[in-house]
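Numbering (UniProt numbering), first residue to last: 1 to 317.
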């Protein structure tokens, strides 16, 4: 089968197409004939070995696939790695049937980014009705869904940040009340101004570095900053306990892998997200479809922030 494999760590240039034996489904697994694979920002960290979980070589990247099982079911599935290939062996309990009316791209947008956005708001931030929510990278895969879900979950005001005028306009179309420029310089003041002069209650942050610092400084008393990435690859200033106590603020970390295998944290929210999408109440954004042979370009575009929404690899061409 055709697959994308890395035999050394590095940037997009280490992603190479190879021929590999088809995988064999083990106990508790099901084989999926892959139609499309999702591309996540976390994949760029995996390829350079800078992710939360370290990887060993050789490796076929890719943590999500959509395709058909041998008995004909159309499923979307989460996996550790191995998604950038024509066949994938996935854990049966992580394979979720895709309802009619949901496209492959939409399903892939939900299995990592959608679940992440759901848990950022429900599990980590514990959003309450009327609270203000800042969504950084609001045109991205997770951000574009978090904007919509925050509104659906009763946020009083949703403040989006994005790097370009076009991305800010998209965030507004998806339901954000206001969209502001990204960038650490003056970020605290812009967020407070965008919230009508009040400090925001919740910030969803995945940039790290100075943007994290400014976002924490902007939080209202009893506010929660949920950190779920470090796209800038620059660590934030270490957080001191006294700084949290002095403003009754909280910093909460989130990694989707900790939800797997826990009752109520995978299949149930996934079913809710798929139903919302099938009914048109949630609109996952597909920002680009790349042939498997152009996976390096997908990674380059993602790292350069030239994309929005979910990126897809078409494994069939």
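Glycine included, every Cβ here is placed at the ideal spot set by N, Cα and C. All figures in this text were calculated on a predicted structure; none of them were measured in a lab.
Return the chain-ordered list of same chain residues with a C-beta closer than 6 Å to the C-beta of residue i, the five sequence neighbours on each side being excluded.
i: residue 130; result: 156
i: residue 247; result: 221
For residue i, count neighbouring Cβ atoms within 10 angstroms of its own Cβ and tell me buried if that reaches 16, exposed if not.
i: residue 263; result: exposed
i: residue 257; result: exposed
i: residue 132; result: buried
i: residue 310; result: buried
i: residue 106; result: buried
i: residue 168; result: buried
Measuring only the C-alpha atoms, how far is residue i from residue j?
i: residue 318; j: residue 190; result: Nothing can be reported for residue 318, as the shown portion of the chain is limited to 1 through 317.
i: residue 180; j: residue 123; result: 26 Å
i: residue 21; j: residue 88; result: 11 Å
i: residue 199; j: residue 249; result: 12 Å
i: residue 174; j: residue 71; result: 37 Å
i: residue 99; j: residue 203; result: 32 Å
i: residue 254; j: residue 293; result: 32 Å
i: residue 240; j: residue 177; result: 32 Å
i: residue 194; j: residue 308; result: 22 Å
i: residue 275; j: residue 172; result: 23 Å
i: residue 141; j: residue 227; result: 16 Å
Ordered along the chain, which non-local residues of its own chain (more than five positions away) have a Cβ less than 8 Å from that of residue i?
i: residue 272; result: 118
i: residue 64; result: 37, 38, 40, 76, 77, 78, 79, 83, 108, 111 and 112
i: residue 10; result: 47 and 48
i: residue 235; result: 208 and 209
i: residue 81; result: 46, 55, 59, 60, 61, 62 and 63
Spell out the partners DSSP gives residue i in its beta bridges.
i: residue 96; result: 76
i: residue 132; result: 157
i: residue 36; result: 66 and 314
i: residue 290; result: 313
i: residue 89; result: 31
Looking only at its chain, what residues have a beta carbon closer than 7 Å to the beta carbon of residue i, apart from the 5 residues adjacent to it on each side?
i: residue 73; result: 97
field: Residue ranges of each alpha helix (DSSP H) within the segment 200-224, 4 or longer
entry: Listed in chain order, they are 209-218.
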